[in-house]
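Worksheet for the structure shown next.
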Amino acid sequence: MDLKYTRGLLPGMFLDYDCVIVPGLGGFVCNERSAWYDADKAEMVPPSRDVLFSPNLTHNDGLLAQEIMRATECSYSDAMSIVNSESAMMVEDLSNGIPVELPRVGRLYKGEDGVIRFLPDAEIVRTLSSFGHSRIPLSLLKQNVVEPSVSATPTPRVIQISEKIENQQFSNAIPLRVKIARVAAVIAIPAMLGGAWMLTDTTPSTTLMSVLPSFSPSTGSLLYDTDDNNKEEELVINYSSDDLEVVRTEDSKPADESTVDITLETLEAKADQPLKEINFLIVGGAFSVKENALSLVATLKEEGYTPTLHFQKHNKLHLVALSEHETEQSARRGLSKARKSGRKATWLKKM
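Residues 15 to 365 (the working numbering) make up the sequence shown, in order.
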C-alpha cells in the first residue's frame, strides 16, 4: 500500500490546522488541553492537545488537495484524484482488519465493534507551549494529625465564711441614700449662710454688681493704639440690594482702580450648588503621546463636545473623555448618544 502524499503531507498540516479531513475516510480534530494532574501516577502533566478521529467527518474541506497542489504543482482535479485513491486504499485495508500506520500522526485500526479507532502518536500531542516540559512528580504529603492536649483544670478552693463575720460586714456597710443626704447637707450649709449675709447687708444696691470686682485697664496696658489718626488703611464696604461693591479710602491707592461687582444671587447659587462627583467617563481615546490626545480634544470641541483630559500613572496613558457623569445610567445614555453620532470607538470607564 502506497500512501505517499497522505503520509508525507498530513503530519505537517497539524501545525497550521486544528481539523484535517480525509474525504471518504474521516476527520482528525485537535483540541488544546491545559496542564492537569494525573492522580493515578501522582504527576503534573504539561500542556498538550487531544487528537481525535471521527469517521463521520467525511465532507471535503479541500485542505489535503491544496497541500498536494503545492507539492506537485498539479491541478485541483488531479490532486483530488490522488486524495480519493489513497483514501479508498485506507478504507479497504481497515475493512479487511489491517491497521493503517501514519508516521508522526498515529495508528488507525478497526475495533471488535466494527468502529474505526485512532491511537495518536506521542509527537502529535505536543504543543509549542509545552516545549521542553516533562511530567513533574507531585506526590501527596502525609498529613500528621495532632491531637489537642487537654490540661486538667484545678479544683477551685471553697472558703467557708461564718455567719458572724457576714453579719459584721453587712452591719458596717453604709446605705447609698445616707451618703447622698450627708453630701447635700455639706453643700446646703454654706449656701444658707451666704444667703443670710446678703439679706442682712445694709448697702443700698439692687444688683449683685456691688459684690463683684470691676475691671478697668490702665492706658499703659493697651496692646494697640485706638487713635483713628494712626490707621494706615481703612476698608469701607457698602452693601446694596443687588450688588456687593468693595471701595477703599483715599489714603490707600490700590493697583487696580476698577471695582468688583458681585451679585448676591450669583454668590448664593454657587454656595448652594453641590460639587459634582465624577464616577464614570466616556472615553474617546487613549494615547501615550500627549500631543495626539490634545489633537483629539480639539477635534471633539469642533464637534460640540466638552472633552476633558485625564492622565493614568500606572500605564502613562492620556485619556480623552467626551463627558463626565455621576451615575452609570447617565453615562450609558451619553455613550449611546456618542456612538449614534459617529463615535463608534468610545467606551465606558468607571473611576
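Beta carbons: idealized from backbone N, C-alpha and C, even for Gly. As the structure is a computational prediction, the values presented were derived from the model and not from experiment.
At the level of alpha carbons, what is the spacing between residue 341 and residue 305? Taking the sequence shown and counting its residues from 1, the one referred to as residue 341 is at position 327. Taking the sequence shown and counting its residues from 1, the one referred to as residue 305 is at position 291. Cα-Cα distance, rounded: 30 Å.
Considering only C-alpha positions, which residue in the set 26, 32, 39, 107 is nearest to residue 16? Mapped onto the sequence shown, residue 16 falls at position 2. Comparing Cα-Cα distances from residue 16 to each of 26, 32, 39, 107, the minimum goes to 107.
Please state whether the Cβ-Cβ distance between residue 24 and residue 104 is less than 7 Å. As a working note, residue 24 is residue 10 in the sequence shown. As a working note, residue 104 is residue 90 in the sequence shown. Cβ atoms of residue 24 and residue 104: not closer than 7 Å.
Member of 53, 100, 64, 323 whose CA lies at the smallest distance from the CA of residue 37: Residue numbering aside, residue 37 sits at position 23 when the sequence shown is read from its first letter. For the options 53, 100, 64, 323, the alpha carbon positioned closest to that of residue 37 is the one of 100.
Between which two residues does the beta strand (DSSP E) carrying residue 114 extend? By 1-based counting over the sequence shown, the position of residue 114 is 100. From DSSP, the beta strand (DSSP E) with residue 114 extends over 114-116.
Which same chain residues, not among the five before or five after residue 339, have their C-beta less than 8 Å away from its C-beta? Looking up residue 339 in the sequence shown gives position 325. Here the set comprises 292, 293, 294, 295, 296, 345, 348.
Straight-line CA distance for residue 29 to residue 62? By one-based count along the sequence shown, residue 29 stands at place 15. By one-based count along the sequence shown, residue 62 stands at place 48. Approximately 13 Å between the Cα atoms of the pair.
Extent of the continuous alpha helix (DSSP H) run through residue 90: Within the sequence shown, the letter at position 76 stands for residue 90. DSSP places residue 90 in the uninterrupted alpha helix (DSSP H) bounded by 90-109.
How would you label residue 119, buried or exposed, when you count the other beta carbons within 10 angstroms and need 16 or more for buried? Looking up residue 119 in the sequence shown gives position 105. By the 10 Å Cβ count, residue 119 comes out buried.
Just reading off the beta strand (DSSP E) that residue 335 is part of, what are its end residues? Counted from its first residue, the sequence shown places residue 335 at position 321. Segment 331-339, the beta strand (DSSP E) holding residue 335.
Quick one: measure Cβ to Cβ for residue 75 and residue 35, integer angstroms, because I've assumed they're closer than 8 Å. The residue given as residue 75 occupies position 61 in the sequence shown. The residue given as residue 35 occupies position 21 in the sequence shown. Right, the Cβ-Cβ distance comes to about 5 Å (below 8 Å), so this counts as a contact.
Apply the 10 Å Cβ neighbour rule to residue 42 and answer buried if 16 or more other Cβ atoms are within range, or exposed otherwise. Against the sequence shown, residue 42 aligns to sequence position 28. Around the beta carbon of residue 42, 16 or more other beta carbons sit within 10 angstroms, so the residue counts as buried.
Do residue 149 and residue 133 have their C-beta atoms within less than 7 Å of each other? As a position in the sequence shown, residue 149 is number 135, starting the count at 1. As a position in the sequence shown, residue 133 is number 119, starting the count at 1. 7 Å or more divides the Cβ of residue 149 from the Cβ of residue 133.
Simplified DSSP state of residue 322, which is helix, strand or coil: For this step, residue 322 is matched to residue 308 along the sequence shown. Looking at residue 322 - three-state DSSP - the assignment turns out to be strand.
Just tell me which of 54, 55, 31 has its CA closest to the CA of residue 45. Mapped onto the sequence shown, residue 45 falls at position 31. Of the listed residues, the one whose Cα sits closest to residue 45 is 31.
Apart from the five residues just before and just after residue 111, which ones in its own chain have a Cβ nearer than 8 Å to its Cβ? In the sequence shown, residue 111 corresponds to position 97, counting from 1. Contacts found: 124.
I'd like to confirm the pairing. Which residues does DSSP put opposite residue 327 in its beta bridges? Position 313 of the sequence shown, counted from the first residue, corresponds to residue 327. In the DSSP output, where bridge partners are listed per residue, residue 327 has none listed.
Three-state secondary structure (DSSP) of residue 306: Locating residue 306 in the sequence shown gives position 292, counting from the first residue. In the structure shown, residue 306 sits in a helix (DSSP, three-state: H, G or I).
Roughly how many angstroms separate the alpha carbons of residue 317 and residue 138, rounded to a whole number? Your numbering for residue 317 matches position 303 in the sequence shown. Your numbering for residue 138 matches position 124 in the sequence shown. Near 57 Å, if we compare the C-alpha coordinates of residue 138 and residue 317.
Other residues of its chain near residue 90: CB distance less than 7 Å, five sequence neighbours each side excluded: Mapped onto the sequence shown, residue 90 falls at position 76. The answer, listed in chain order, is 79, 83.
Quick check on residue 311: does DSSP put it in helix, strand or coil? Taking the first residue of the sequence shown as 1, we reach residue 311 at position 297. Three-state DSSP puts residue 311 in a helix.
Verify whether the separation of the beta carbon atoms of residue 152 and residue 58 is less than 7 Å. Counted from its first residue, the sequence shown places residue 152 at position 138. Counted from its first residue, the sequence shown places residue 58 at position 44. Cβ distance < 7 Å, so residue 152 and residue 58 count as in contact.
What three-state label does DSSP hand residue 363 in the structure shown? Locating residue 363 in the sequence shown gives position 349, where the first residue counts as 1. The DSSP-derived three-state label of residue 363 is strand.
On the CB-based measure, 16 or more other CB atoms within 10 Å of its CB, does residue 48 come out buried or exposed? Counting from 1 along the sequence shown, the entry for residue 48 is found at position 34. Under this definition residue 48 is an exposed residue.
If you draw a straight line from the alpha carbon of residue 308 to that of residue 337, how long is it in whole angstroms? Mapped onto the sequence shown, residue 308 falls at position 294. Mapped onto the sequence shown, residue 337 falls at position 323. Between the alpha carbons of residue 308 and residue 337 lies a distance of about 15 Å.
From which residue to which residue does the beta strand (DSSP E) around residue 41 run? Position 27 of the sequence shown holds residue 41. Where residue 41 is concerned, the enclosing beta strand (DSSP E) stretches over 40-47.
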